[in-house]
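S.K.:
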Amino acid sequence: MRKYFGLLSLGILVVTFLVLQSLVGKQIGHLWVWIIAIGYVGAVISSWYSAPGFWRKASAVILLLLPLGFILMIGLFIMGSGF
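Every letter in the sequence shown is one number past the one before it in the UniProt record's numbering, and letter 75, counting from 1, is 75.
Dropping the structure here:
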């Protein structure tokens with residue numbers, strides 16, 4: 001069962017994205033931050049306890065690239081060269 005935790009980690013990220021997309025346009029205040037945090041922490045825990053293999057590596061790479069991409073995008077907007 002542990003060998004599928006890496007795949008579960010990716011599934012958690014997809015479900016988190018779908019939940020956030022379903023809430024677009026609704027007044028949820030700062031709840032979106034909690035949704036992202038809970039989804040990300042759940043994915044990290046799932047990836048951490050997965051058996052070594054392809055899915056663990058794939059989920060680890062994605063879990064590293066997501067925050068880096070977010071920080072890069074915020075930095076681009078601050079510098080004035082965002083899209």
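All C-beta atoms, glycine included, are put in the ideal place defined by N, C-alpha and C. Values in this document were obtained by computation on a predicted structure and should not be read as measured data.
(1) How many whole angstroms separate the CB atoms of Leu-10 and Ser-59, which I take to be in contact at a CB cut-off of 8 Å?
(2) Taking the straight line between their C-alpha atoms, what separation do you get for Phe-17 and Val-24?
(3) Taking only the alpha-carbon atoms, compute the straight-line gap between Leu-31 and Tyr-40 and give it to the nearest angstrom.
(4) Taking Leu-8 as the reference, give the member of Phe-77, Ile-71, Val-44, Pro-67 with the closest Cα.
(5) Going by the CB atoms, is the gap between Leu-63 and Ser-50 shorter than 8 Å?
M.R.: Here's the rundown:
(1) 5 Å
(2) 11 Å
(3) 14 Å
(4) Minimum Cα distance to Leu-8 is reached at Val-44.
(5) no
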